[in-house]
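2 protein chains.
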Amino acid sequence: MLDRLQTFARCIAPAILLCGSGVACATPEPIHPWTLEDVLSIPHVTDTALAADGRTIAYILRVANQAADRTEFELHITDFRSGGDKVVSRSLWMERLQTVPGQKAWSVLADQGAGVQLYRVDGAAQMSSIIVNPETVLVGSVDGGEFGYGFTGPVRFGIAYYDWSPDGRRLFYSQLRQGTEKDGVRHDEDVTRLTLFRRRGPAVTARFFVKEGGKAPIGLADVPPSDRVGRFLGGMPAWHSDALDFSLQTDDLNTPHVARYRWHFGDKTPRRLDDEPTLFSDAIAGPGGGNLFVEGEGVAARLKERQPGGKTRDFGAFNATLSDRRSPGHWLSPNRDFALVAVRYPLEGRYGLVRIERNGGIKRIEVPESLTHCSFAPSVAEGVCIWEGIARAPAFVRVRTGDGKISALQSLSSRHEQITPLKTEVRDLVNAFGFLARNRIIFPREYRTGRRYPAILVTHSTDADDRFGALDLQWDYPVQLFAERGYVVILANEPHASQSALLKKADADRNMCGGETSPAQIQRLGWFNQIESFRSIIDALNSDGVIDADHVGIAGYSYGSQIANVAVTQTKLFKAASSGDGGFLEPAAYRTHRCAYKAIFGGPPGDPAASANYTAFAPSYRARFARAPVLQQIAEPHETAIDFHQALRAANVAAELSLYPGETIASDETHFFHIPSNRLAAMTENVQWFDYWLKDIPPPSGLDGNRRERWEAMRALMPD
Amino acid sequence: MLDRLQTFARCIAPAILLCGSGVACATPEPIHPWTLEDVLSIPHVTDTALAADGRTIAYILRVANQAADRTEFELHITDFRSGGDKVVSRSLWMERLQTVPGQKAWSVLADQGAGVQLYRVDGAAQMSSIIVNPETVLVGSVDGGEFGYGFTGPVRFGIAYYDWSPDGRRLFYSQLRQGTEKDGVRHDEDVTRLTLFRRRGPAVTARFFVKEGGKAPIGLADVPPSDRVGRFLGGMPAWHSDALDFSLQTDDLNTPHVARYRWHFGDKTPRRLDDEPTLFSDAIAGPGGGNLFVEGEGVAARLKERQPGGKTRDFGAFNATLSDRRSPGHWLSPNRDFALVAVRYPLEGRYGLVRIERNGGIKRIEVPESLTHCSFAPSVAEGVCIWEGIARAPAFVRVRTGDGKISALQSLSSRHEQITPLKTEVRDLVNAFGFLARNRIIFPREYRTGRRYPAILVTHSTDADDRFGALDLQWDYPVQLFAERGYVVILANEPHASQSALLKKADADRNMCGGETSPAQIQRLGWFNQIESFRSIIDALNSDGVIDADHVGIAGYSYGSQIANVAVTQTKLFKAASSGDGGFLEPAAYRTHRCAYKAIFGGPPGDPAASANYTAFAPSYRARFARAPVLQQIAEPHETAIDFHQALRAANVAAELSLYPGETIASDETHFFHIPSNRLAAMTENVQWFDYWLKDIPPPSGLDGNRRERWEAMRALMPD
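Okay, here's the thing in structure tokens:
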């Protein structure tokens with residue numbers, strides 16, 4: 006299935022996965038180590054779109070423009086010939102790159118100076134506008150702006166979403182619409198909502214349109230401000246020959262329910278399709294005319310298709326996630342003899358493709374690491390993916406779906422190919438609760454058997470995958486630099502819910518505000534279960550003589566910050582922690598997370614039935630048990646993070662709270678830091694923090710001139 | 006001591022204080038009742054400054070400009086002759102009106118279109134600038150602004166404070182200075198501070214200057230952003246013949262400590278005066294060359310002077326507050342043979358003057374109600390005050406300090422003099438804890454003995470004074486309209502601390518983060534003590550057959566909202582509550598009020614040593630015990646108010662949370678609502694709220710079209 010590219014990778018580039026398994030590899034000389042700038046400039050592909058001829062691809066990169074100190078997007082077109090990669094445009098915002106059906110052209114939402122509008126890019130790399138809405142709306146963490154999920158600087162939006170009908174005759178799109186500059190009197194829940202985000206703008210709604218050829222666009226539906234499905238997913242449009250389906254959100258759950266509507270091209274009236282709203286999920290077209298889904302857990306999981314007429318077809322054992330958001334995609338061959346689906350193997354943390362034949366066969370198309378961001382020509386016979394791995398810089402490869410043949414095309418970053426890969430290893434461990442989790446180990450550059458190293462465990466849900474410098478895992482934790490500086494880096498996934506009905510039920514109950522799983526059990530199957538996996542890998546590496554178990558740190562942002570905060574207040578596993586832009590699980594977040602907190606704690610902090618659960622679990626309520634210094638790097642002055650910080654300080658536990666600034670006083674950093682100078686400073690702070698607490702290396706004075714003094718004062722106060 | 010004016014008041018205007026005490030008064034016909042607009046347009050004098058000749062006064066009124074829908078300030082000059090009152094200027098901001106020493110002219114900080122600058126106003130009412138700082142700083146509850154305490158719309162400040170040397174030769178002033186537009190990385194306490202106010206602007210510091218004649222100004226000191234004394238009180242300048250003293254804040258307590266500095270005109274260098282910072286207090290010059298103060302409590306309180314050399318002189322029994330912020334002022338006669346001090350009698354809630362002779366005599370200068378906002382000519386022989394009372398519209402009177410003679414000058418509002426006064430009464434009661442508090446009762450317009458009326462108790466610390474429509478008590482609770490609509494209105498003061506060493510110690514310990522007074526005792530002597538006073542007056546009026554004790558509501562903003570929230574969660578005294586822009590005592594305010602919470606609760610909510618105190622006292626933790634519907638009207642989406650609201654709703658207790666908007670989406674209403682349309686809407690909402698829950702009158706649909714539906718749905722869910 007693999008060709009000369011893999012052979013090349015095995016011997017020329019040191020594919021450490023193999024070396025780590027006992028295969029001897031020659032280490033090329035001289036060593037080219039990682040630098041901070043290398044980490045900052047890891048290419049992050051956000052979209053790919055292969056032209057119908059299969060020869061030319063357009064793709065979008067999210068890049069750090071250090072000179073302008075901002076995150077940008079680059080639109081590239083390449084035909085994979087030498088020198089054939091052109092940057093078509095640079096923009097503050099680009100997303101949703103698609104091929105225009107039936108044309109050798111692409112469409113993309115981009116800010117070319119007039120706010121985000123819909124553009125066409127032809128084969129000659131010329132851009133022209135398709136739809137322009139001059140009434141743009143400011144989006145971002147900025148005064149006067151609508152909160153955005155794109156994690157960039159503030160951007161003005163004219164068009165928020167679009168989708169072509171398969172025949173290219175119709176265009177669905179959505180516009181944001183801004184309310185008045187003066188607010189009215191607000192009541193009750195409308196007030197609470199204002200506390201969720203720090204910055205505040207006019208109320209923003211969305212409106213859906215359909216446009217056919219040169220005719221005037223027709224309004225389909227108005228979407229209220231609270232509808233995330235409508236706002237960010239354009240109502241999940243699904244095209245039929247005579248109608249368009251779209252969805253509107255019906256509740257405020259983490260995974261919300263949606264109501265589906267059908268708009269007939271004939272009578273141009275939307276009609277509700279279902280009696281009851283259904284839990285949001287993407288529809289993956291199967292070869293039998295129905296939708297594919299995975300049912301069951303672990304070895305019992307099976308791929309199935311719910312076919313028209315209600316019958317379900319079983320394709321056999323299959324434990325993978327279909328069209329995972331980290332590498333989405335699903336295609337149907339023109340004559341429906343097979344479906345192709347981008348998949349993620351949850352227990353392995355790898356990405357690939359699966360071809361599902363109408364006759365029932367399932368074929369995996371894969372590499373030892375991951376195939377991501379695939380795009381296929383309409384025939385679905387051939388396409389292009391990115392081959393990447395934790396120690397393999399990303400490159401485009403051609404994928405033939407008939408025989409699974411994969412062939413080299415073009416590197417995405419020669420800079421990163423030149424870095425000498427670090428040695429890595431996979432460790433699958435079953436924890437004390439009986440659940441399996443995979444860890445990926447990055448060894449120090451100068452690792453010698455027989456010597457013990459300090460270690461840093463980095464975690465973010467299930468993002469410790471076989472990808473190259475995955476931003477959603479490593480955030481501003483420069484794991485490659487940690488290894489260069491002599492740390493064993495443990496990239497740790499939580500035990501994946503797909504292995505157990507119990508875990509899946511706990512997840513579902515949490516989404517639905519509680520249920521049969523008690524708060525204690527939700528806490529145990531979630532955070533404590535993760536911690537047991539951390540204990541397993543630390544114990545294993547300690548037993549093997551690889552790490553010094555008395556000098557282990559933990560780092561995680563967002564979801565990862567929850568577990569870091571719980572870990573340091575419930576165990577003595579870690580001697581330092583870096584917790585990024587989090588604070589969930591603090592009592593102060595109850596008011597905006599009542600559903601989840603009902604499940605996790607059993608009610609609000611003041612409820613006698615719930616208070617014991619807060620006492621037992623809320624990190625700030627347990628700060629006096631912590632003995633690990635905690636750095637919190639935040640993008641906004643979250644009350645939750647402040648509460649934890651104050652509680653640690655009150656207990657004399659070393660704690661640093663660092664708020665990174667926005668572009669101006671009127672805007673904030675975003676959850677993913679998007680200002681390159683902030684990213685460099687935050688990565689540096691992390692290196693210094695762990696160096697200080699795990700290796701006793703005093704920091705330089707820091708940005709504000711007194712970092713060393715401040716940290717040394719904290720150390721002097723530490724209990725024990 | 007009083008003259009024909011008082012006689013006039015007794016018979017022509019029905020001085021209800023006397024009628025209520027059993028003196029029969031003829032009620033003039035026809036009745037002219039209060040309207041909502043009458044309440045909105047009550048004149049609020051903020052400054053008065055009498056010219057040296059004693060014949061002409063300048064004064065500032067805070068007024069509601071309904072046409073422009075904003076709060077404005079009017080600068081008037083009057084010589085008290087008919088038609089002699091002129092409006093010199095209208096401005097978004099005016100304060101600190103003074104006479105220029107040695108000139109028939111005034112100086113004032115005003116925004117005349119170029120931000121707040123220092124202006125001179127001459128006897129011909131011509132304005133000219135004295136100091137203009139073109140680098141203005143935006144202040145107010147607005148994006149990009151520095152938080153302001155003025156409770157108006159956003160204003161730009163050039164000059165923030167000023168003071169003349171007594172000889173008029175030197176001018177002290179302060180400028181605000183704005184930091185960069187881009188913030189740096191912030192750490193720890195600098196992050197916490199950002200949660201205190203919703204809007205955010207660049208860091209703002211202040212700088213003090215002294216200017217002498219035409220010479221260039223000299224910088225005295227730089228004041229950090231956290232220094233409230235420096236920022237808002239200009240460092241409390243005190244002039245000597247050869248030097249200027251000023252103070253800088255040294256801690257963040259509610260009543261802070263200050264360090265004093267002396268800047269000699271000769272060497273132009275500031276020197277620290279004291280070794281230890283001292284608790285902030287105003288210096289009131291006494292006739293013996295020292296400072297006056299009151300020592301002791303209740304009947305044991307005595308007026309004293311700490312004289313140069315350290316000796317203390319005792320002037321005798323004296324229970325009053327010197328130069329209270331609600332009616333400040335103190336003067337020294339040119340030859341120092343007497344001092345004159347504006348005073349407040351705390352147990353009576355009345356204001357007057359006291360003349361303290363160098364030979365030891367103390368003479369009270371007073372009216373049956375209050376003398377406020379006094380200003381005196383340099384001779385201190387004669388001055389002008391405002392005579393006002395709860396049922397007496399304010400008017401200027403001339404005050405002769407030698408014999409205490411008071412004579413009529415000019416009304417401040419003919420509109421309000423035309424309203425037929427409501428019947429009022431004073432009730433002093435000792436509560437079950439043994440502490441005295443004064444209540445003022447306003448009777449329903451159509452009060453008939455023998456019939457019981459529903460009642461509304463309005464409270465705000467010690468603000469239930471004998472003043473006309475005091476904004477700091479009645480906020481947006483239109484007490485006059487309540488009476489017109491058939492409610493007995495109880496204006497209730499808390500038991501004043503000045504009566505008891507125990508109460509004063511509890512207050513002091515609260516300011517100093519706790520001490521010998523335990524949290525339980527702090528709670529008892531504070532909030533529960535107030536509630537016992539409320540219980541006393543309700544019992545008394547019920548025993549007298551005046552009120553229906555089953556239909557009593559409570560209303561209070563800010564400090565008053567604390568007691569309203571405690572009252573409804575700890576007692577069954579009230580059947581409805583309106584709680585204005587508060588939320589203090591909620592666990593969520595811990596992070597920004599750690600000192601006070603240490604005293605009140607013993608620590609943070611997660612501290613096992615403190616948690617029982619939260620369980621016992623935090624209103625949201627006791628919401629399930631409430632049976633009174635609670636309306637919260639707020640100026641910003643305070644997390645604390647939201648928490649209480651959510652907790653009430655979770656217990657099915659009727660609760661409405663109403664956020665009133667700012668001028669634009671980029672600004673907020675202020676703690677005192679400053680947008681006239683909001684004030685009218687909030688007053689209307691209060692009337693409807695109490696009418697619904699106490700008198701069963703359904704509200705109209707309300708601003709958002711479904712008030713009635715919403716309230717009826719709440720009522721249907723109420724427990725019991």
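Chain order of the listed sequences is A and B.
The numbering used here puts the first residue of the first sequence at 6, with every later residue one more than the last.
The numbering used here puts the first residue of the second sequence at 6, with every later residue one more than the last.
Note that the Cβ used here is the ideal one computed from N, Cα and C, for glycine as well.
Can you confirm whether residue i, when its beta carbon is compared against all beta carbons of chain A, has any partner nearer than 7 Å?
{"i": "V28 of chain B", "result": "Here V28 of chain B scores only 43 on pLDDT, less than 50, and its place in the model should not be relied on; the value that follows carries that caveat. It does not: the Cβ of V28 of chain B has no partner Cβ on chain A nearer than 7 Å."}
{"i": "A671 of chain B", "result": "yes"}
{"i": "N491 of chain B", "result": "A small correction: the amino acid at residue 491 of chain B is Gly; Asn does not occupy that position in the sequence shown. With 7 Å as the cut-off, G491 of chain B does not count as an interface residue toward chain A."}
{"i": "G520 of chain B", "result": "no"}
{"i": "L664 of chain B", "result": "yes"}
{"i": "Y626 of chain B", "result": "yes"}
{"i": "D648 of chain B", "result": "yes"}
{"i": "K187 of chain B", "result": "yes"}
Reducing DSSP to helix, strand and coil, say where residue i ends up.
{"i": "V494 of chain A", "result": "strand"}
{"i": "Y452 of chain A", "result": "coil"}
{"i": "L143 of chain B", "result": "strand"}
{"i": "G519 of chain A", "result": "coil"}
{"i": "Q71 of chain B", "result": "coil"}
{"i": "A718 of chain B", "result": "helix"}
{"i": "W694 of chain A", "result": "helix"}
{"i": "W39 of chain B", "result": "coil"}
{"i": "C16 of chain A", "result": "Because the pLDDT at C16 of chain A is just 32, under 50, the model does not fix this residue reliably, and the value given afterwards should be weighed accordingly. Helix, per DSSP."}
{"i": "I424 of chain B", "result": "coil"}
So with CB distances below 8 Å, who are the chain E contacts of residue i?
{"i": "P207 of chain B", "result": "Chain labels in this structure do not include chain E; the protein chains are A and B."}
For residue i, which residues does DSSP report across the bridge?
{"i": "P230 of chain B", "result": "DSSP output for P230 of chain B lists no bridge partner at all."}
{"i": "C390 of chain B", "result": "B:V402"}
{"i": "L80 of chain B", "result": "B:I65, B:S94"}
{"i": "I361 of chain A", "result": "A:A344, A:I367"}
{"i": "L441 of chain A", "result": "A:V435"}
{"i": "T576 of chain A", "result": "T576 of chain A pairs with nothing; no bridge assigned."}
Since I believe residue j is in contact with residue i (beta carbons under 8 Å), could you give me their beta-carbon distance rounded to a whole number of angstroms?
{"i": "A488 of chain A", "j": "P449 of chain A", "result": "5 Å"}
{"i": "L55 of chain A", "j": "A382 of chain A", "result": "6 Å"}
Checking contacts by CB at 7 Å: is residue i closer than that to chain B?
{"i": "I164 of chain A", "result": "no"}
{"i": "R191 of chain A", "result": "yes"}
{"i": "Q651 of chain A", "result": "yes"}
{"i": "P483 of chain A", "result": "no"}
{"i": "P642 of chain A", "result": "yes"}
{"i": "L199 of chain A", "result": "yes"}
Taking 6 Å as the line, does the beta carbon of residue i fall inside it for any heavy atom of the ligand ZN?
{"i": "G173 of chain A", "result": "Absent from the structure shown: the ligand ZN. Ligands present: none."}
> Per the contact definition of three or more C-beta pairs closer than 8 Å, is the stretch 695 to 711 of chain B in contact with the stretch 177 to 189 of chain B?
Replying inline: Taking 8 Å as the limit for Cβ pairs, the verdict is that the stretch 695 to 711 of chain B does not touch the stretch 177 to 189 of chain B.
> Within the chosen definition, does the stretch 37 to 47 of chain B reach the stretch 355 to 371 of chain B through at least 3 CB pairs nearer than 8 Å?
Replying inline: These segments do not touch.
> So does the stretch 500 to 517 of chain B actually touch the stretch 64 to 76 of chain B, counting three or more Cβ pairs closer than 8 Å?
Replying inline: Too few Cβ pairs lie closer than 8 Å, so no.
> Is there contact between the stretch 628 to 638 of chain A and the stretch 648 to 666 of chain A, where contact requires at least three CB pairs shorter than 8 Å?
Replying inline: Output reads yes: the stretch 648 to 666 of chain A touches the stretch 628 to 638 of chain A.
> How about the stretch 397 to 417 of chain A and the stretch 436 to 443 of chain A: do they share at least three Cβ pairs that are nearer than 8 Å?
Replying inline: Between the stretch 397 to 417 of chain A and the stretch 436 to 443 of chain A there are fewer than three C-beta pairs closer than 8 Å, too few to call the two in contact.
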